[in-house]
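Count the sequence shown with my numbering and you get residues 2 to 709, in order. Glycine is no exception: its CB is placed at the ideal position from the N, C-alpha and C atoms. For reference, the structure is listed below as structure tokens.
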Amino acid sequence: MIGKILGGRYELLELIGVGGMSHVYKARCNLLNRFVAVKILKDEFNEDKEFIKRFYIESQAAASLSSPHIVSVYDVGEEDSIHYIVMEYVEGVTLKEVIKANGVLAWNVALNFSLQILSALECAHKNGIVHRDIKPLNIIVTDDGVLKVTDFGIARAVNNNETKKIDSDVIGSVHYISPEQAKGIMIDARCDIYSLGIVMYEMLTGKLPYDGDNPVSVALMHLSSEPVSIKDLNISVPNELVRIVTKSMQRDVLNRYQSAKEMSAELTEFKKVENLTTKENEDAFVLETIEMVNLARHDAGIELPGRNQRAQRQGAEETIVQRYHDEDEDIPKAKKKKKTSGKSDKTAFWTAIGASTAIVLVVAFLIISTFFPNMKNSKNNDKVYYLTNMEGQNFYEVRDKLEEAGFEIIVNEVQDDSKEEGTILKQSPYGNISVKVGSTVLEFDIVGNDSSGEKISVPRVTNKRKDQAVDELTKAGLTVRVVEEESSTTQAGYVFRQDPIATSIVKKGSEVIVYVSKKDGESETITVPDFVGMEKDAATKKAAELGFTVVIIEKEGSSNIGKVISQSLKKGDDVGEGTTIQLTVAVEKTTPSASPSPTPSATPTATPTATPTATPTATPTATPTPTPSEEPAEPVSNTVVTKSWSVDLPQDKDNATVVAKRDGVVVYQQECDTSSGSVNVAVRGSGTQTVEITVDGQVFINQSVAFN
Numbered sequence: 002m003i004g005k006i007l008g009g010r011y012e013l014l015e016l017i018g019v020g021g022m023s024h025v026y027k028a029r030c031n032l033l034n035r036f037v038a039v040k041i042l043k044d045e046f047n048e049d050k051e052f053i054k055r056f057y058i059e060s061q062a063a064a065s066l067s068s069p070h071i072v073s074v075y076d077v078g079e080e081d082s083i084h085y086i087v088m089e090y091v092e093g094v095t096l097k098e099v100i101k102a103n104g105v106l107a108w109n110v111a112l113n114f115s116l117q118i119l120s121a122l123e124c125a126h127k128n129g130i131v132h133r134d135i136k137p138l139n140i141i142v143t144d145d146g147v148l149k150v151t152d153f154g155i156a157r158a159v160n161n162n163e164t165k166k167i168d169s170d171v172i173g174s175v176h177y178i179s180p181e182q183a184k185g186i187m188i189d190a191r192c193d194i195y196s197l198g199i200v201m202y203e204m205l206t207g208k209l210p211y212d213g214d215n216p217v218s219v220a221l222m223h224l225s226s227e228p229v230s231i232k233d234l235n236i237s238v239p240n241e242l243v244r245i246v247t248k249s250m251q252r253d254v255l256n257r258y259q260s261a262k263e264m265s266a267e268l269t270e271f272k273k274v275e276n277l278t279t280k281e282n283e284d285a286f287v288l289e290t291i292e293m294v295n296l297a298r299h300d301a302g303i304e305l306p307g308r309n310q311r312a313q314r315q316g317a318e319e320t321i322v323q324r325y326h327d328e329d330e331d332i333p334k335a336k337k338k339k340k341t342s343g344k345s346d347k348t349a350f351w352t353a354i355g356a357s358t359a360i361v362l363v364v365a366f367l368i369i370s371t372f373f374p375n376m377k378n379s380k381n382n383d384k385v386y387y388l389t390n391m392e393g394q395n396f397y398e399v400r401d402k403l404e405e406a407g408f409e410i411i412v413n414e415v416q417d418d419s420k421e422e423g424t425i426l427k428q429s430p431y432g433n434i435s436v437k438v439g440s441t442v443l444e445f446d447i448v449g450n451d452s453s454g455e456k457i458s459v460p461r462v463t464n465k466r467k468d469q470a471v472d473e474l475t476k477a478g479l480t481v482r483v484v485e486e487e488s489s490t491t492q493a494g495y496v497f498r499q500d501p502i503a504t505s506i507v508k509k510g511s512e513v514i515v516y517v518s519k520k521d522g523e524s525e526t527i528t529v530p531d532f533v534g535m536e537k538d539a540a541t542k543k544a545a546e547l548g549f550t551v552v553i554i555e556k557e558g559s560s561n562i563g564k565v566i567s568q569s570l571k572k573g574d575d576v577g578e579g580t581t582i583q584l585t586v587a588v589e590k591t592t593p594s595a596s597p598s599p600t601p602s603a604t605p606t607a608t609p610t611a612t613p614t615a616t617p618t619a620t621p622t623a624t625p626t627p628t629p630s631e632e633p634a635e636p637v638s639n640t641v642v643t644k645s646w647s648v649d650l651p652q653d654k655d656n657a658t659v660v661a662k663r664d665g666v667v668v669y670q671q672e673c674d675t676s677s678g679s680v681n682v683a684v685r686g687s688g689t690q691t692v693e694i695t696v697d698g699q700v701f702i703n704q705s706v707a708f709n
């Protein structure tokens with residue numbers, strides 16, 4: 002097919018992708034002098050009328066959509082039994098490649114990515130189109146950090162009378178399908194919401210929520226299994242973002258977001274609350290995204306095209322911006338070069354770029370104006386530098402230039418007898434991007450001259466607790482230096498950056514700097530002491546003075562009565578001020594004993610045990626409290642009595658947190674499975690004390706209880 006011209010204008014240049022139904026070629030539109038992507042139906046489907054119908058449904062559906070986050074469809078045709086669609090040609094990598102290369106994405110990046118995907122879905126759903134195959138492989142991240150949703154190969158115009166069935170061609174990847182798709186029942190736009198939730202989960206954790214040995218087992222997991230909590234895999238993700246992702250992944254469509262617009266509104270509000278809408282944060286997001294795309298290219302072994310190379314492949318004249326700099330610096334202006342034809346980069350992916358110099362100049366101006374609006378008035382630390390790819394060059398020949406520009410440089414020496422000393426083997430950032438000098442640290446792996454000493458790969462410790470990170474690095478044979486800095490995206494006490502970065506090859510014994518988060522205004526973290534063995538009151542007082550939020554849990558025992566026998570936080574851990582610590586205190590076992598004789602005016606000695614009602618005035622299973630006109634009887638003894646309440650659990654959610662307090666002190670706290678309908682909550686006490694029981698923060702009872 003290479004060299005064939007379709008429709009008298011689309012010259013096929015190279016095969017760039019293969020899907021379940023089609024082959025995708027990079028082509029040149031000779032009429033408009035631009036690159037396009039041409040999707041051609043596979044030969045084996047040419048005689049299948051159903052597949053051909055589906056193929057044209059894709060083109061008609063996608064052609065009606067207009068969004069900066071959807072790959073555009075330009076044309077559709079048939080020639081010599083070749084059915085084809087002409088689409089926008091996008092340079093970039095798939096979101097799947099970005100996740101694979103970067104592992105866990107920073108939650109603010111995942112947030113921005115999700116909002117772009119939702120923008121595409123909102124446009125599609127508004128036009129009555131359900132994508133039905135939202136997954137990272139169908140989302141392209143361009144070199145400038147813009148996401149585009151593609152591949153409407155199984156998208157259908159919504160037809161409420163049509164029941165969808167599962168087959169390998171229709172469902173796409175089973176890891177991302179909604180429960181209703183797995184069941185083969187009728188679907189609507191909410192299935193895309195579910196799939197996006199799976200994509201968000203993968204971005205935030207680096208893992209799929211459901212995985213199995215075969216597609217059938219994975220499909221069943223969508224119907225019955227619960228994924229591992231995001232917080233268990235990535236503690237740095239804010240609770241509100243976890244809630245939003247969890248809601249989007251609800252099995253019952255009625256419990257999900259009912260539209261892309263509704264979900265987008267909540268994410269946008271959360272973004273405002275987290276103060277991520279400032280120009281500085283948006284600029285940082287763009288730079289971080291560009292670096293992630295370059296890392297994805299690098300890890301996939303994909304050539305990282307420079308701007309000159311791109312223009313050569315396009316066969317057009319383009320002005321290349323080599324450096325952005327302050328107005329007062331005397332640095333040569335950007336150069337203009339004549340392009341020559343060259344071999345197409347096989348990894349370029351689906352975006353059409355205008356060929357005229359005027360368009361490129363406008364685009365370059367818009368990029369500069371959008372991403373760097375304050376360049377002319379920037380200080381030296383805000384200089385923006387166009388960083389080239391220097392891998393293969395000699396480090397000592399470029400070092401002076403980089404230091405003169407103001408960069409901080411980290412060098413890791415690697416033994417490689419096949420290359421000349423000083424050769425740059427790897428750089429980070431990887432080049433061909435614009436970076437801020439004051440906030441960018443350049444890191445190079447170069448060929449060293451010292452063949453002695455063992456070389457090791459630096460473990461990845463980001464998003465891990467400080468003590469865990471230090472332990473892993475120490476065990477790997479490295480020395481560790483801890484630096485505490487404020488971070489708005491990472492929980493206090495956890496690592497948000499490391500230097501050198503993970504997988505760097507360094508000498509055994511080299512120093513690794515771990516940057517540990519401390520919250521805004523926090524002077525120091527708290528080192529958890531050993532409370533075990535301390536008297537309850539003394540331990541409670543000490544924990545409160547240190548800045549902990551204290552929860553006391555009582556446990557029956559025969560020894561160490563009144564003392565702390567365990568604690569929820571490990572001794573020696575560093576945590577943020579206000580962190581909750583649970584101290585478990587031993588109390589006497591309850592022994593059967595005869596109840597004291599009541600006074601003549603009191604109620605009978607005991608009443609039959611009964612389950613209290615679920616009203617706020619529920620009474621425990623014990624002797625009723627005296628009427629308001631009576632004075633509570635003084636306890637005959639200090640005997641500790643246990644009373645219990647049957648607490649109704651909400652049925653509109655899977656789990657609920659039940660907390661019981663006695664005179665303001667937490668004595669019971671449990672996350673309960675609501676399928677049981679109710680839970681029995683036991684509270685021990687003596688004399689008359691106030692008991693409050695809450696379910697997910699809602700008061701179930703709050704009353705004065707006579708325990709004796």
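Beta-bridge pairing by DSSP links residue 508 to 456. Within 10 angstroms of the beta-carbon of residue 575 lie 16 or more other beta-carbons, which makes it buried. DSSP, read as helix, strand or coil, puts residue 427 in strand. Membership of residue 292 in the alpha helix (DSSP H) is indicated by the continuous run 280-300. Within the segment 65-132, the complete alpha helix (DSSP H) runs of at least 4 residues fall at 96-103 and 108-127. Around the Cβ of residue 700, a 10 Å sphere holds fewer than 16 other Cβ atoms; the residue is exposed.
Between residue 689 and residue 706, the gap from beta carbon to beta carbon is short of 8 Å. With a beta-carbon spacing of about 11 Å, residue 27 and residue 91 fall beyond the 8 Å limit used to define contacts.
Note that the C-beta distance between residue 69 and residue 96 is not below 8 Å. Here the C-alpha atom of residue 555 lies approximately 9 Å from the C-alpha atom of residue 563. Residue 30 has 11 and 35 as its beta-bridge partners, per DSSP. When C-beta atoms of the segment 642-655 are compared with those of the segment 535-542, fewer than three pairs fall below 8 Å, so the two segments do not count as touching. Excluding five sequence positions before and after residue 461, the CB atoms of its chain that fall closer than 6 Å to its own CB belong to 503, given in chain order. For residue 194, the enclosing alpha helix (DSSP H) has its first and last residue at 191-206. Comparing C-alpha distances from residue 470 to each of 442, 499, 456 and 457 shows the shortest one belongs to 499. Proximity to residue 88 across 215, 681 and 64 peaks at 64, based on C-alpha coordinates. By the 16-neighbour rule on beta-carbons within 10 angstroms, residue 224 is exposed. Rounded to whole angstroms, the gap between the alpha carbons of residue 39 and residue 13 is 8 Å.
Exposure of residue 482 is indicated by the presence of fewer than 16 other C-beta atoms within 10 angstroms of its C-beta. Judged by DSSP in its simplified three-state form, residue 397 adopts helix. Per DSSP, the beta bridge partners of residue 24 are 19 and 41. In this structure, residue 449 lies away from residue 398, with their beta-carbon atoms at least 8 Å apart. For residue 556, the enclosing beta strand (DSSP E) starts and ends at 550-558.
Secondary structure at residue 469: helix, using DSSP grouped into helix, strand and coil.
In the pairwise beta carbon analysis, the segment 51-62 is classified as not touching the segment 104-119: fewer than three pairs are separated by under 8 Å. Per DSSP, the continuous beta strand (DSSP E) segment holding residue 141 begins and ends at 140-143.
Your pair residue 432 and residue 478 does not check out as a contact, with CB atoms roughly 31 Å apart and the cut at 8 Å.
In terms of CA proximity to residue 392, 446 leads the group 402, 441 and 446. Separation of residue 72 and residue 151 (C-alpha to C-alpha, rounded to the nearest whole angstrom) is 5 Å. Bridge pairing for residue 670: 660 [DSSP]. Annotation: residue 541 is outside any beta strand (DSSP E); the continuous alpha helix (DSSP H) that includes it extends over 537-547. When only Cα atoms are considered, residue 127 and residue 36 end up about 29 Å apart. Beta-bridge partners of residue 462 (DSSP): none assigned. Residue 408: not part of any beta strand (DSSP E); DSSP gives it neither H nor E. When C-alpha distances from residue 590 are compared across 584, 515 and 561, the shortest belongs to 561.
Counted as a single uninterrupted DSSP element, the alpha helix (DSSP H) harbouring residue 242 occupies residues 240-249.
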